[in-house]
Amino acid sequence: MGLLSALLKDADKRDLTKLAEYQAVGGYKALEKARKMTSDALIEEMGKANLRGRGGAGFPIGRKASLIARDSPKPKYVVVNADESEPGAFKDRQVMNQVPHRLIEGSLIAAHAIESKDVFIYIRGEYLAEYEVLQAAVDEAQAAGILGDVSVVVHRGAGAYICGEETALLDSLEGRRGQPRPRPPFPPVQGLYNAPTQVNNVCTIATLPIVISMGAGKFAKTGAESAPGTAIFSISGNVERPGNYELALGTPMRELIYEHAGGIAGGRTLKAVIPGGSSVPALTPDQIDVPLDYDSLAELKTFFGAASLIVVDDRCCMVQLALRSTQFYMHESCGKCTPCREGTRWMVQILEKIERGDGELSDLDLLESINGRILGKVLCALGEFAVYPVSSYITHWRDEFVAHIQQGRCPYDGRSSIEGILAPSEQHHGPVHVEKPLAVVA
Amino acid sequence: MSPAAAHDLRTKVEAIAHRYPDTRSLTLPALRFAQEEHGWLSPDVLREVAEVLDLTPAYCQAVASFYDMFHLEPVGRHMVEICTNLSCALVGAQRVVEAFESALGIDAGGTTEDGEITFRAVECLGGCGYAPVVAVDNRYHQNVRPEDAAAIVEEIRGAA
Chain V
244 MGLLSALLKD ADKRDLTKLA EYQAVGGYKA LEKARKMTSD ALIEEMGKAN LRGRGGAGFP
304 IGRKASLIAR DSPKPKYVVV NADESEPGAF KDRQVMNQVP HRLIEGSLIA AHAIESKDVF
364 IYIRGEYLAE YEVLQAAVDE AQAAGILGDV SVVVHRGAGA YICGEETALL DSLEGRRGQP
424 RPRPPFPPVQ GLYNAPTQVN NVCTIATLPI VISMGAGKFA KTGAESAPGT AIFSISGNVE
484 RPGNYELALG TPMRELIYEH AGGIAGGRTL KAVIPGGSSV PALTPDQIDV PLDYDSLAEL
544 KTFFGAASLI VVDDRCCMVQ LALRSTQFYM HESCGKCTPC REGTRWMVQI LEKIERGDGE
604 LSDLDLLESI NGRILGKVLC ALGEFAVYPV SSYITHWRDE FVAHIQQGRC PYDGRSSIEG
664 ILAPSEQHHG PVHVEKPLAV VA
Chain Z
13 MSPAAAHDLR TKVEAIAHRY PDTRSLTLPA LRFAQEEHGW LSPDVLREVA EVLDLTPAYC
73 QAVASFYDMF HLEPVGRHMV EICTNLSCAL VGAQRVVEAF ESALGIDAGG TTEDGEITFR
133 AVECLGGCGY APVVAVDNRY HQNVRPEDAA AIVEEIRGAA
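If you read the sequences in order, they're chains V and Z.
Read in order, the letters of the first sequence correspond to residues 244 to 685 in the working numbering.
Read in order, the letters of the second sequence correspond to residues 13 to 172 in the working numbering.
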């Protein structure tokens, strides 16, 4: 199907961070068109386009906008989720770096749709260069009068994965610890400062100008039938040419891995693909002919997620991969819900035990039982994100877990590609919960 | 915190106060301003941030402690952070960790004796396609190889 460019169109030829350059390729024309439409007409157009959220959940933006309580006497807010922190995801970063005006234009269209005068772009604190580019673009657009009476504030986070979860993001933006809120009420009814709030991912918002320029009818015919348009796919790990590739939704995963990304690095053998960022169930090599869209991946019991593929070759020990992944979710658990706070730590302890050769077969059942005690019993998806991948590793690579237990040692014996990797939680206070550090295999 | 520094913090916070309908939203920006000035958020600095925001020091500490980028203990003048999450790990981040440990003569999580450089492993920095990623004072170095560690350290020390 080949590379397509919509979001990143012309960014390889021109410096689109400059307003004049962006306008020279038709920038802000879609905003002009949108501003001539009524709020109702614009929301209907967004609905017709069937533009689905690119941040993880795939919720249609038109439906989200239609849920906004526009008759509320309170102000309405547009919040752009630029807290990209999912391991494997780096697409929003490129959009902010190269086409910041497309994001600003999309934000202003979204604001017009829900009759909002206030846009907040919450960008993760670590993205300093991207913040500078984006803030400069906002300043330039403001000076040129493009923002009109809409305020666009770029707000920096300070390092917390959980703030990518929309209600945690809102709490963080309000100056609190970033912890998820119970729902309902959902943000369209009661979000930022308890007012109706539309929260969307960077790529979703940046696609709005494309939808409006093309017209929803035409846009809906691009990409996959159930998910129109393009997506920027982040691909990383053991491939020849890792990076971002903008492709039509529905492009086969094999094409992305083997054509665009050049196949497995060093001519080695593919072992696993984690298709949506580290939080989703992994796929095995015989499953990679799947079209890259929400529904096709759901049929394989995994998720499109953040359109971010982590490719793993045959040198990687899956127990170590499970452990490193779970250490991350343990570190990032906000601590509000007991099943996630305690469950992720318990999972880490069991995986450490298996990796150092002290595991028992019953530990695999124990891990599965923890899964059942987290899923559906917490306020947000973080606990589930810890569970999904590990559960899939045990399903697909059970032999490897069993070998650790039966041999009383890691069968990779120091040869795993991620041998000895240090998790931040092991610093400062020494290794957490283990007498022997992870690197040591008996 | 000196009266001049306190005044400076108040000026910076007031300059952006109009952006938010609720002053509580200034907590993260105020903590960042304070940390940029003082290097870390000591109890004294947290008291001053609280004073400026009309919040309690305990509240400011509770918020600051939630976020990885705020330091509640002294750190080096420069911060070197390496991502050790999956994508970086798969392409050899651990060997880069070891190269920095040896170039700096400290373990990850530590600070050099002269107080110049803190080196720590962090979670995903969003540079997965250009791994391994090392951030020096939040500026990314991408595709870092173990043999690059010494030059990066030298550059920091040269600029210091």
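Using N, Cα and C, we set each Cβ at its ideal position, and we do this for glycine too.
Since the model is a prediction, treat every value here as computed from it, not as a measurement.
Practice item. Please go through the stretch 334–415 of chain V and give each complete beta strand (DSSP E) segment of 3 or more residues, from N-terminal end onward. Key: 361–366, 394–399
Point to revise | is_contact[Z/ALA29, chain V] using C-beta, thresh 9 Å | key: Here residue 29 of chain Z refers to the residue found at position 17 of the second sequence. Not closer than 9 Å to any Cβ of chain V, the Cβ of Z/ALA29 fails to qualify, so no.
Review point. Applying a beta-carbon distance threshold of less than 8 Å, which residues of chain V neighbour Z/LEU137?
Key: Mapped onto the second sequence, residue 137 of chain Z falls at position 125. The answer, in chain order, is GLU369.
Check your understanding: Since Z/GLU63 is in the alpha helix (DSSP H), which residue starts that stretch and which ends it?
Key -> The residue labelled residue 63 of chain Z in the question sits at position 51 within the second sequence. First-last of the alpha helix (DSSP H) with Z/GLU63: 55–65.
Review point. For V/GLU375, does the count of other Cβ atoms within 10 angstroms reach 16, so buried, or fall short, so exposed?
Key: Indexing the first sequence from 1 puts residue 375 of chain V at position 132. V/GLU375 is exposed by the Cβ-count criterion.
Practice item. Starting from Z/VAL109, find everything on chain V with Cβ-Cβ shorter than 7 Å and list it in chain order. Key: The sequence position of residue 109 of chain Z within the second sequence is 97, counting from 1. Those within 7 Å of Z/VAL109 in chain V are LEU665.
Review point. Along chain V, which residues have their Cβ under 8 Å away from the Cβ of Z/GLN73?
Key: Here the question's residue 73 of chain Z lines up with position 61 in the second sequence. Here the premise fails: no neighbours, minimum Cβ distance about 11 Å.
Practice item. For the stretch 438–462 of chain V, list the alpha helix (DSSP H) runs that are entirely contained and at least 4 residues long, ordered along the chain. Key: Those alpha helix (DSSP H) runs which fall completely within the stretch 438–462 of chain V and span 4+ residues are 445–457.
Review point. By Cβ distance, which residues of its chain are closer than 7 Å to V/SER539, with the 5 residues on each side in sequence left out?
Key: Numbered from 1 along the first sequence, position 296 holds the residue referred to as residue 539 of chain V. These residues qualify, in order along the chain: VAL533.
Review point. If you compare alpha carbons, which of V/VAL482, V/LEU594, V/PRO632 is closest to Z/GLY8?
Key: In the structure displayed, chain Z extends from 13 to 172; residue 8 of chain Z sits before or after that span and is not available.
Practice item. Could you confirm whether any beta carbon from chain C is found closer than 9 Å to the beta carbon of V/HIS503? Key: Among the protein chains in the structure shown, which are V and Z, there is no chain C.
Review point. Considering only C-alpha positions, which residue in the set Z/ASP66, Z/THR130, Z/CYS100, Z/VAL108 is nearest to Z/GLY51?
Key: The residue given as residue 51 of chain Z occupies position 39 in the second sequence. Checked all of Z/ASP66, Z/THR130, Z/CYS100, Z/VAL108; the closest Cα to Z/GLY51 is Z/THR130.
Review point. Identify the residues that DSSP records as bridge partners of V/SER687: which are they?
Key: Outside the shown range of chain V (244 to 685) lies residue 687 of chain V, about which nothing can therefore be said.
Point to revise | Closer than 9 Å to chain V by CB, Z/THR39 | key: Here residue 39 of chain Z refers to the residue found at position 27 of the second sequence. It does: the Cβ of Z/THR39 has a partner Cβ on chain V nearer than 9 Å.
**Study point:** Buried or exposed (CB count within 10 angstroms, at least 16 for buried), V/LEU604
**Key:** On the first sequence, residue 604 of chain V is found 361 positions in, with the first residue counted as 1. With fewer than 16 neighbouring CB atoms inside 10 Å of its own CB, V/LEU604 falls in the exposed class.
Check your understanding: CB Z/VAL64 to CB Z/ARG22, shorter than 9 Å?
Key -> Taking the second sequence and counting its residues from 1, one reaches residue 64 of chain Z at position 52. Taking the second sequence and counting its residues from 1, one reaches residue 22 of chain Z at position 10. It is a contact, given that the beta carbons lie within the stated cut-off.
Point to revise | V/ALA515 - containing beta strand (DSSP E), residue span | key: By one-based count along the first sequence, residue 515 of chain V stands at place 272. Where V/ALA515 is concerned, the enclosing beta strand (DSSP E) stretches over 513–517.
Review point. When the Cα of V/ALA515 is compared with those of V/ARG419, V/ILE637, V/VAL445, which residue comes out closest?
Key: Stepping through the first sequence from its first residue, residue 515 of chain V is reached at position 272. Measuring C-alpha to C-alpha distances from V/ALA515 to each of V/ARG419, V/ILE637, V/VAL445 identifies V/ILE637 as the nearest.
Review point. Taking all protein chains shown into account, do 16 or more other C-beta atoms lie within 10 angstroms of the C-beta of V/ASP392, making it buried, or fewer, making it exposed?
Key: Here residue 392 of chain V refers to the residue found at position 149 when the first sequence is read from its first residue. When all chains shown are included, V/ASP392 counts as exposed.
Check your understanding: Any idea what DSSP makes of V/PRO654, helix, strand or coil?
Key -> As a first step, residue 654 of chain V is located in the first sequence; it is residue number 411 there, counting from the start. Reduced to three states, the DSSP call for V/PRO654 is coil.
Practice item. Report the rounded CA-to-CA distance for V/ALA682 versus Z/ALA46, giving the unit in angstroms. Key: Here residue 682 of chain V is taken as the residue at index 439 of the first sequence, counted from 1. Here residue 46 of chain Z is taken as the residue at index 34 of the second sequence, counted from 1. A caution first: V/ALA682 carries a pLDDT of 40, below 50, which makes its placement in the model unreliable, though a value can still be read off. Rounded to the nearest angstrom, the two C-alpha atoms are 38 Å apart.
Point to revise | Bridge partners - Z/PHE131, DSSP secondary structure assignment | key: Within the second sequence, numbered from 1, the residue matching residue 131 of chain Z stands at position 119. Partner(s): Z/VAL92, Z/GLY122.
Review point. For V/THR527, which of helix, strand or coil comes out of DSSP?
Key: The residue given as residue 527 of chain V occupies position 284 in the first sequence. If DSSP states are grouped into helix, strand and coil, V/THR527 belongs with coil.
Check your understanding: Does any residue of chain V bring its CB to less than 9 Å from the CB of Z/VAL9?
Key -> As displayed, chain Z neither begins before 13 nor continues past 172, which places residue 9 of chain Z out of reach and without an answer.
Check your understanding: So what's V/GLU489 in DSSP terms, helix, strand or just coil?
Key -> Here residue 489 of chain V corresponds to residue number 246 of the first sequence, with the count starting at 1. The three-state secondary structure of V/GLU489, taken from DSSP, is strand.
Review point. In its own chain, which residues sit with a C-beta less than 8 Å from the C-beta of Z/ASP20, not counting the 5 before and 5 after it?
Key: Here residue 20 of chain Z refers to the residue found at position 8 of the second sequence. So the qualifying residues of the chain are GLU49.
Exercise for review: Say whether the stretch 545–563 of chain V touches the stretch 658–667 of chain V, bearing in mind that this needs 3 or more beta-carbon pairs closer than 8 Å, one atom from each stretch.
Suggested key: yes
Review point. Does DSSP put V/GLY296 in a helix, a strand or coil?
Key: By 1-based counting over the first sequence, the position of residue 296 of chain V is 53. In the structure shown, V/GLY296 sits in coil (DSSP, three-state: anything other than H, G, I, E or B).
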